[in-house]
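In the UniProt record's numbering, the protein residues as written are 1 to 413. Worksheet: the structure to be examined is printed underneath.
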Amino acid sequence: MAEPEIEKLRSVDDHLNLVLDTVQLLAPMELPITDVNGLTLAADVVAAMPLPPFDNSSVDGYAVRLADLDGAGPDSPAELRVVGDIAAGSVYEGILEPGTCARIMTGAMVPHGAEAIVPLEWTDGGTESVRITRVPERDEHIRVLGSDVATGEVVLKAGARLGPRQIGLLAAIGQVHAPVHPHPRVVVLSTGSELVEPGAPLGPGQINDGNGPALTAAVNALGATGIRVGIIGDEPQGVLDAIEDQLIRADMVVTTGGVSVGAYDVVKEVLSTLGTVQFTKVAMQPGMPQGFGTVGEDRIPIFTLPGNPVSAYVSFELYIRPAIEKMMGRETGPRRTVTATCFGAFSSPNGKRQFARGVYDAVGHSVRPVGGHGSHLVGDLALANALIVVPEHVTEVVDGDDVEVIVLDGGGR
1 MAEPEIEKLR
11 SVDDHLNLVL
21 DTVQLLAPME
31 LPITDVNGLT
41 LAADVVAAMP
51 LPPFDNSSVD
61 GYAVRLADLD
71 GAGPDSPAEL
81 RVVGDIAAGS
91 VYEGILEPGT
101 CARIMTGAMV
111 PHGAEAIVPL
121 EWTDGGTESV
131 RITRVPERDE
141 HIRVLGSDVA
151 TGEVVLKAGA
161 RLGPRQIGLL
171 AAIGQVHAPV
181 HPHPRVVVLS
191 TGSELVEPGA
201 PLGPGQINDG
211 NGPALTAAVN
221 ALGATGIRVG
231 IIGDEPQGVL
241 DAIEDQLIRA
251 DMVVTTGGVS
261 VGAYDVVKEV
271 LSTLGTVQFT
281 KVAMQPGMPQ
291 GFGTVGEDRI
301 PIFTLPGNPV
311 SAYVSFELYI
321 RPAIEKMMGR
331 ETGPRRTVTA
341 TCFGAFSSPN
351 GKRQFARGVY
361 DAVGHSVRPV
371 GGHGSHLVGD
381 LALANALIVV
391 PEHVTEVVDG
401 DDVEVIVLDG
411 GGR
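Pasting the structure below:
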């Protein structure tokens, strides 16, 4: 009697490569700098002006000519006539003459003829005349024009991630807009007649939709724009209509549920007829049933994830997160891992890469498994801050083993 044929599963790495080969970088656009936080620059930014834009004082004190301070010291202070006060934002119109100085505030423009600033602490603080007990070096306490940024200098390179500090620089050089790869608009649809909006009364056999809110939050946390459409029932035409209605505004579509082999797995039934979405089994636990491809004339990427919440979330971390990062022009690829000591023992299926929930301790470089293998265990998922990665050939993790860990909270790429 012939042995039954063993179904070949797609590897995790091959599935990710398919995703990243399909998903494209979003076309750049100019956005106001108030709207670019977290986005990636699509082109170099060249300064059209210097920083500082003029010589200005770095301290409160007195603008002086060095020749007037020759030989000054604690026992023989130089005495100068104060000819004016210069506040930040104001300009001293004259030129410092020999024997004179000007009181100056931090950030104020240095007057013509001044060669250094004497800090207030080196003086007696006089207002009509001042006694100075120390001699500064030339340009001391002066922020020289262009000493920070020169006109024509590339201040930020294409690919730079924009945050508060970079946006502050753009504003300082007078940049009102920035060329960036925009926030991807990711539409999230939950399918299943058993689903109910959270807060609504539950009928027999019904459950609250946790996937929609969770995945929308995960999208938003990446800096993309999550658009939760709501719950779609198990009627094939309704599912197809809901997906097609969203293509006008979506850069990506994510569905959950309806991708296994059951009689009501309508997402698979509907999208299989298009010929542009592949449904396969990936050698992973949780999240083995996966669907991915494109829909519509614009070839919008679509991910069809399992309905079990742990499977859906793990699939997001492994495949959708890198896809969104590629769209935004960020570094992408497999999630980075750290090595940790596992305090706890558990089994893993042969031939599948397991992603077990865990609590990672960054101080002790250790991880503790949380819960069991069930892909419905949202309580355990909420307690976890990491995924313990168990290779396909490993079937047992022993207490004290070193394991690879994907850190979820604050772990970055």
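Cβ atoms here follow ideal geometry from the backbone N, Cα and C, with glycine treated the same way. Keep in mind it's a predicted model, so treat the numbers as computed, not measured.
Query: Counted within 10 angstroms of its Cβ, other Cβ atoms place P4 as buried (16 or more) or exposed; Result: Note that P4 scores a pLDDT of 43, beneath 50, so its modelled location is shaky; the value from the coordinates is reported in the next line. Its Cβ having fewer than 16 others within 10 Å, P4 is exposed.
Query: Residue from A87, P98 and E128 with nearest C-alpha to V110; Result: A87
Query: The region 192 to 207 in contact with the region 160 to 168 per 3-pair CB rule at 8 Å; Result: no
Query: Distance between I142 and P136 (C-alpha atoms, nearest Å); Result: 11 Å
Query: Euclidean distance between Cα positions of R228 and N211; Result: 10 Å
Query: Limits of the unbroken alpha helix (DSSP H) element including P322; Result: R321 to M327
Query: Assumed close pair T106, D60 - CB separation to whole angstroms, cut-off 8 Å; Result: 5 Å
Query: contact_flag[the region 391 to 402, the region 336 to 354] where n(CB pairs < 8 Å) is 3 or more; Result: yes
Query: Whole-angstrom distance between R131 and S76, CA atom to CA atom; Result: 9 Å
Query: Burial state of H183, where buried means 16 or more other Cβ atoms lie within 10 Å; Result: buried
Query: One or two residues paired with E396 in a DSSP bridge; Result: S347
Query: Straight-line gap, L305 to D35 (C-alpha atoms, nearest Å); Result: 31 Å
Query: Separation of L274 from I6, as counted between CA atoms; Result: Note that I6 scores a pLDDT of 49, beneath 50, so its modelled location is shaky and nothing firm can be said.
Query: Outcome for I243 when other beta-carbon atoms lying within 10 angstroms are tallied against a minimum of 16; Result: buried
Query: Buried versus exposed call for E325 [16 or more other C-beta atoms within 10 Å across all chains shown]; Result: buried
Query: Three-way DSSP call (helix, strand, coil) for G205 in this model; Result: coil
Query: Whole-angstrom C-beta distance between I104 and S147, which should lie under 8 Å; Result: Incorrect: roughly 18 Å between the Cβ atoms, too far for contact.
Query: R335 - containing alpha helix (DSSP H), residue span; Result: Note, R335: premise wrong, no alpha helix (DSSP H); not H, not E.
Query: Residues near I173 by beta carbon distance below 7 Å, same chain, minus five either side; Result: A47, A48, M49, L51, V149 and V155
Query: E297 - DSSP class collapsed to helix/strand/coil; Result: coil
Query: Collapsed DSSP secondary structure at P4 in the structure displayed; Result: Interpretation of P4 is limited by its pLDDT of 43, a score under 50 that renders its predicted location unreliable; the figure taken from the coordinates is listed afterwards. In this structure, P4 counts as coil in the three-state DSSP scheme.
Query: Close beta carbons around V91, own chain, < 7 Å, minus the five adjacent residues each side; Result: M109
Query: Whole runs of the alpha helix (DSSP H) within the region 236 to 269, excluding any shorter than 4 residues; Result: 236 to 246
Query: Per DSSP, the bridge partner or partners of V359; Result: R368
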